[in-house]
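Each remark here refers to the structure printed beneath this line.
Number of protein chains: 2
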Amino acid sequence: MLQGALRSGTAHRRCVFEVFARRLPEGRRYGVVAGTGRLLDALEAFRFGPAELELLERAGLDRATVEAVSGYRFTGDIWGYGEGETYVPGSPLLVVEGTFAEAVLLETLILSILNFDSAVASAASRMTCASSGRPCIEMGSRRAHEQAAVAAARAAYISGFATTSNLEASRRYGVPSAGTSAHAFTLLHDDEESAFRAQVAALGPGTTLLVDTYDVMRGVRRAVAAAGTSLGAVRLDSGDLITQAKEVRELLDSLGATETKILVTSDLDEYALAAMAAAPVDGYGVGTSLVTGSGAPTAGLVYKLTARARSLDPGAPLEPVAKASAGKPSRGGRKWAARRYDEQGVARQEVIGLGSQPPADEPGRPLLRHLVRQGEVIGREPLDAARSRHGESLGELPPHARQLSKGEAALETVYV
Amino acid sequence: MLQGALRSGTAHRRCVFEVFARRLPEGRRYGVVAGTGRLLDALEAFRFGPAELELLERAGLDRATVEAVSGYRFTGDIWGYGEGETYVPGSPLLVVEGTFAEAVLLETLILSILNFDSAVASAASRMTCASSGRPCIEMGSRRAHEQAAVAAARAAYISGFATTSNLEASRRYGVPSAGTSAHAFTLLHDDEESAFRAQVAALGPGTTLLVDTYDVMRGVRRAVAAAGTSLGAVRLDSGDLITQAKEVRELLDSLGATETKILVTSDLDEYALAAMAAAPVDGYGVGTSLVTGSGAPTAGLVYKLTARARSLDPGAPLEPVAKASAGKPSRGGRKWAARRYDEQGVARQEVIGLGSQPPADEPGRPLLRHLVRQGEVIGREPLDAARSRHGESLGELPPHARQLSKGEAALETVYV
Numbered sequence: 001m002l003q004g005a006l007r008s009g010t011a012h013r014r015c016v017f018e019v020f021a022r023r024l025p026e027g028r029r030y031g032v033v034a035g036t037g038r039l040l041d042a043l044e045a046f047r048f049g050p051a052e053l054e055l056l057e058r059a060g061l062d063r064a065t066v067e068a069v070s071g072y073r074f075t076g077d078i079w080g081y082g083e084g085e086t087y088v089p090g091s092p093l094l095v096v097e098g099t100f101a102e103a104v105l106l107e108t109l110i111l112s113i114l115n116f117d118s119a120v121a122s123a124a125s126r127m128t129c130a131s132s133g134r135p136c137i138e139m140g141s142r143r144a145h146e147q148a149a150v151a152a153a154r155a156a157y158i159s160g161f162a163t164t165s166n167l168e169a170s171r172r173y174g175v176p177s178a179g180t181s182a183h184a185f186t187l188l189h190d191d192e193e194s195a196f197r198a199q200v201a202a203l204g205p206g207t208t209l210l211v212d213t214y215d216v217m218r219g220v221r222r223a224v225a226a227a228g229t230s231l232g233a234v235r236l237d238s239g240d241l242i243t244q245a246k247e248v249r250e251l252l253d254s255l256g257a258t259e260t261k262i263l264v265t266s267d268l269d270e271y272a273l274a275a276m277a278a279a280p281v282d283g284y285g286v287g288t289s290l291v292t293g294s295g296a297p298t299a300g301l302v303y304k305l306t307a308r309a310r311s312l313d314p315g316a317p318l319e320p321v322a323k324a325s326a327g328k329p330s331r332g333g334r335k336w337a338a339r340r341y342d343e344q345g346v347a348r349q350e351v352i353g354l355g356s357q358p359p360a361d362e363p364g365r366p367l368l369r370h371l372v373r374q375g376e377v378i379g380r381e382p383l384d385a386a387r388s389r390h391g392e393s394l395g396e397l398p399p400h401a402r403q404l405s406k407g408e409a410a411l412e413t414v415y416v
Numbered sequence: 001m002l003q004g005a006l007r008s009g010t011a012h013r014r015c016v017f018e019v020f021a022r023r024l025p026e027g028r029r030y031g032v033v034a035g036t037g038r039l040l041d042a043l044e045a046f047r048f049g050p051a052e053l054e055l056l057e058r059a060g061l062d063r064a065t066v067e068a069v070s071g072y073r074f075t076g077d078i079w080g081y082g083e084g085e086t087y088v089p090g091s092p093l094l095v096v097e098g099t100f101a102e103a104v105l106l107e108t109l110i111l112s113i114l115n116f117d118s119a120v121a122s123a124a125s126r127m128t129c130a131s132s133g134r135p136c137i138e139m140g141s142r143r144a145h146e147q148a149a150v151a152a153a154r155a156a157y158i159s160g161f162a163t164t165s166n167l168e169a170s171r172r173y174g175v176p177s178a179g180t181s182a183h184a185f186t187l188l189h190d191d192e193e194s195a196f197r198a199q200v201a202a203l204g205p206g207t208t209l210l211v212d213t214y215d216v217m218r219g220v221r222r223a224v225a226a227a228g229t230s231l232g233a234v235r236l237d238s239g240d241l242i243t244q245a246k247e248v249r250e251l252l253d254s255l256g257a258t259e260t261k262i263l264v265t266s267d268l269d270e271y272a273l274a275a276m277a278a279a280p281v282d283g284y285g286v287g288t289s290l291v292t293g294s295g296a297p298t299a300g301l302v303y304k305l306t307a308r309a310r311s312l313d314p315g316a317p318l319e320p321v322a323k324a325s326a327g328k329p330s331r332g333g334r335k336w337a338a339r340r341y342d343e344q345g346v347a348r349q350e351v352i353g354l355g356s357q358p359p360a361d362e363p364g365r366p367l368l369r370h371l372v373r374q375g376e377v378i379g380r381e382p383l384d385a386a387r388s389r390h391g392e393s394l395g396e397l398p399p400h401a402r403q404l405s406k407g408e409a410a411l412e413t414v415y416v
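Residue numbers (the UniProt record's numbering), protein chains in the order written: chain A, 1 to 416; chain B, 1 to 416.
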């Protein structure tokens with residue numbers, strides 16, 4: 001595309017690309033924007049080095065095209081929904097303004113990051129809604145690509161997960177880490193008692209002991225025998241978790257370990273968490289379903305050209321453009337977005353209008369933040385800011401948004 | 001776990017860990033092993049640098065543990081199914097032998113790579129089965145994490161995809177690349193004619209023109225007008241693809257463009273490909289459903305301790321171990337595996353036995369290759385070897401293995 005546009009003289013036309021979702025995954029009420037912080041880092045590092053240029057030459061690109069990308073640096077502007085913000089179909093999640101040559105090359109980078117991270121954050125948000133306020137530990141690294149796993153831990157934290165078992169996410173992004181031992185640790189030792197004693201010796205009685213390698217109730221007795229009544233937690237990873245949690249709670253209490261917590265894992269998803277609301281459980285470890293988006297492993301975001309200048313004249317207006325493909329509508333034009341509330345302060349509408357700014361009398365909360373100005377990243381923020389924003393954004397949605405049952409989007413999308 | 005094992009003196013016990021699937025994704029007949037080549041590269045690079053060690057210290061690990069990992073290098077042995085091989089539940093896909101300290105640290109690395117790559121390769125294999133021999137282009141990068149996308153292109157190629165639109169996969173792994181233009185390219189230009197002329201000027205008449213931005217039939221006429229009857233291909237990306245393909249074929253033929261191919265894209269999965277078997281389509285571009293495993297975004301592989309020595313004595317035997325957790329059975333012991341055939345040469349059984357080698361009279365094809373010997377990678381092979389192996393392994397399976405309908409595993413798992 002770049003080679004064709006350079007040839008036709010259109011490569012340097014000013015363009016606006018927009019990221020949005022045509023629809024939410026089936027029955028979901030809202031999505032969660034995530035990946036913005038990672039995207040800003042990746043954008044700064046997005047360069048074509050000698051190895052990449054050599055490949056482009058071998059692939060047959062012409063000299064002008066290879067030269068154009070050899071000095072690539074994005075010099076345009078980007079606005080986006082704040083990381084952690086909730087969204088609905090049509091929300092203009094990212095608006096990229098620059099020349100075609102600069103902006104078109106970012107499509108895969110932008111969509112890869114936002115689609116994966118938002119899919120995980122959207123699933124994570126449903127899980128923290130369903131967890132009855134109990135802390136959730138992200139434990140899904142083993143079920144995702146090795147780098148995607150790190151991004152997943154970050155996205156889960158934005159949507160309210162307490163901790164991650166991925167230490168690299170802790171190192172890279174400061175996500176608090178937590179973990180427990182695996183069955184292999186118990187099996188390595190001559191018997192369960194030795195394993196529990198070894199773990200307590202190494203990590204203190206506040207550790208979490210995995211008690212289902214052989215027999216759960218015997219495991220609990222051995223755990224308390226090894227750590228004493230100040231044992232931090234036991235982990236259940238198999239069987240009928242609800243019944244088991246009750247029995248284990250009773251046993252722990254009868255042994256005097258009334259402060260010992262019960263942590264539950266085992267292919268949990270948001271529905272399993274909701275089903276355990278009444279069980280005496282103190283925390284959840286969630287893995288596979290989280291990192292695979294709980295049935296929606298991509299957010300399905302697209303990156304579409306919505307406006308472009310018809311000439312290279314710097315003053316040429318940005319004209320709306322849109323394809324007419326059957327069943328895949330898109331709306332042309334540069335857009336602003338705001339969230340409108342009812343009298344009780346509950347969010348009701350995603351209002352989307354044409355232009356770079358909402359009109360002065362727009363009553364809603366503006367949703368687009370300036371992230372990149374003339375190529376310079378200005379929208380960086382601490383990860384905890386995204387986490388806080390998510391809590392606030394979710395709290396403003398109508399109560400039915402937090403239901404797990406299938407339904408319509410929580411906000412009406414209104415074009416004005 | 002490492003800190004506990006160092007404390008209890010068990011960290012250097014010789015261990016065997018095994019990677020296997022408890023089950024296939026619902027209704028699938030077989031899985032495809034992928035990621036092995038990436039894993040061997042990652043294993044060689046798996047080291048703890050100053051930044052990682054600092055994090056471990058901050059996380060509160062003791063001095064002995066931090067020292068143990070600071071010089072980490074895997075010095076054990078690994079055997080595995082050849083990359084591209086088909087598998088069924090219970091197949092011992094990877095066997096890792098080493099000290100507990102060395103082998104336990106590899107769990108997340110091994111599972112992340114094999115789970116993601118195998119999920120994509122397994123989906124890709126169903127798609128190439130369903131594509132009636134027509135070439136499939138991998139186009140899913142935008143719907144996967146930015147690094148996972150590169151791995152997905154590689155995995156798809158193993159399972160018979162012809163090309164990828166991911167240039168980094170081409171650079172890194174030599175996967176042949178291909179691509180088409182997007183709607184943005186057409187919309188950038190003043191009209192469809194200008195866009196088509198620009199693309200043909202830049203890439204020659206053999207290029208693929210996207211014809212559904214406005215009106216498909218008018219688009220086809222304009223495409224042939226711009227490129228002549230030697231136009232390489234047109235791409236359809238929306239609407240009723242089967243009906244449209246017939247109309248477009250007739251139109252192309254009537255315009256004299258009888259050699260021009262029809263490429264189809266638009267959220268295709270293996271069922272959509274199968275449904276187009278009778279349509280005049282020459283190739284498919286597949287994206288989202290491929291990189292998300294077509295409903296099974298992880299292969300669900302686990303890494304379990306199956307045997308360990310009871311002492312540090314180098315001659316101590318490896319004793320089988322297995323947890324008893326409800327509903328999550330595992331079988332202890334170091335295992336071999338072979339594939340047995342009937343008189344017609346059709347694969348019928350996955351035979352799995354205890355020990356490091358099949359007995360001399362085992363009639364089946366041995367499935368485990370020696371990949372790492374005393375820490376040295378010896379199992380590296382060109383990517384095309386994995387692709388060839390997949391073709392052969394799939395060709396040996398019973399014909400019903402290639403059906404898309406839900407059913408049982410294509411091979412019986414037999415423990416001997």
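We put the beta carbon where it would ideally sit given N, CA and C, even for glycine.
Taking residue i as the reference, give the member of the options with the closest Cα.
i, options, result
"Phe-185 of chain B", "B:Gly-174, B:Arg-197, B:Ser-177, B:Val-175", "B:Arg-197"
"Val-32 of chain A", "A:Gly-391, A:Gly-204, A:Ala-149", "A:Gly-391"
"Leu-290 of chain B", "B:Gly-60, B:Leu-105, B:Thr-128, B:Ser-91", "B:Thr-128"
"Gly-395 of chain A", "A:Pro-280, A:Arg-126, A:Lys-335, A:Glu-192", "A:Arg-126"
"Glu-381 of chain B", "B:Lys-261, B:Tyr-173, B:Ala-144, B:Gly-353", "B:Tyr-173"
"Ala-201 of chain B", "B:Tyr-214, B:Arg-22, B:Ala-225", "B:Ala-225"
"Lys-261 of chain A", "A:Val-248, A:Asn-166, A:Asp-269", "A:Val-248"
"Val-302 of chain B", "B:Gly-60, B:Val-96, B:Ala-45, B:Arg-58", "B:Val-96"
"Ala-64 of chain B", "B:Val-416, B:Thr-207, B:Gly-9, B:Leu-210", "B:Gly-9"
"Val-66 of chain A", "A:Ser-194, A:Asp-77, A:Arg-47", "A:Arg-47"
Between which residues of its own chain and residue i is the CB-CB distance below 7 Å, once the five residues before and five after are set aside?
i, result
"Leu-367 of chain A", "Tyr-81, Glu-85, Ala-337, Ala-338, Arg-339"
"Ser-266 of chain A", "Asp-237, Ser-238, Leu-241"
"Ala-274 of chain A", "Ala-130, Leu-404"
"Pro-363 of chain B", "Arg-340"
"Ala-119 of chain A", "Gly-293, Ala-296, Pro-297, Thr-298, Ala-299"
Does DSSP classify residue i as helix, strand or coil?
i, result
"Lys-328 of chain A", "coil"
"Asp-253 of chain A", "helix"
"Gly-315 of chain B", "coil"
"Arg-134 of chain A", "coil"
"Ile-78 of chain B", "strand"
Where DSSP assigns a beta bridge to residue i, which residues make up the other side?
i, result
"Tyr-341 of chain A", "A:Ala-347"
"Ile-262 of chain B", "B:Val-234"
"Ser-177 of chain B", "B:Thr-164"
"Cys-15 of chain A", "A:Gly-98, A:Arg-308"
"Val-32 of chain A", "A:Thr-86"
"Leu-210 of chain B", "B:Arg-235"
Within a Cβ cutoff of 8 Å, which residues of the same chain sit near residue i, ignoring the five residues on either side of it in sequence?
i, result
"Arg-221 of chain B", "Leu-251, Leu-255"
"Glu-54 of chain A", "none"
"Ala-309 of chain A", "Arg-13, Arg-14, Cys-15, Ala-316, Pro-317, Leu-318, Glu-319"
"Thr-288 of chain A", "Gly-140, Arg-143, Asp-267"
"Gly-407 of chain A", "Gly-27, Arg-29, His-400"
"Gly-300 of chain B", "Ala-21, Arg-22, Arg-23, Pro-25, Asn-115"
"Ser-356 of chain B", "Arg-334, Trp-336"
Which same chain residues, not among the five before or five after residue i, have their C-beta less than 6 Å away from its C-beta?
i, result
"Gly-379 of chain B", "Arg-369, Leu-371"
"Arg-402 of chain B", "Cys-129"
"Ile-137 of chain A", "Thr-163, Ala-178, Gly-285"
Task: Three CB pairs or more closer than 8 Å across the region 397-412 of chain A and the region 73-93 of chain B - done: no
Task: Stretch-stretch touch, CB-based, cutoff 8 Å, three pairs: the region 130-144 of chain A with the region 281-299 of chain A - done: yes
Open item on the list: If contact is defined by three or more beta carbon pairs under 8 Å, each pair taking one atom from either stretch, is the region 212-221 of chain B in contact with the region 322-334 of chain A?
Closed with: yes
Open item on the list: Between the region 68-81 of chain A and the region 95-104 of chain B, can you find at least three pairs of beta-carbon atoms closer than 8 Å?
Closed with: no
Open item on the list: Three Cβ pairs or more, each shorter than 8 Å: is that satisfied between the region 148-162 of chain B and the region 105-124 of chain B?
Closed with: Verdict: yes, contact present.
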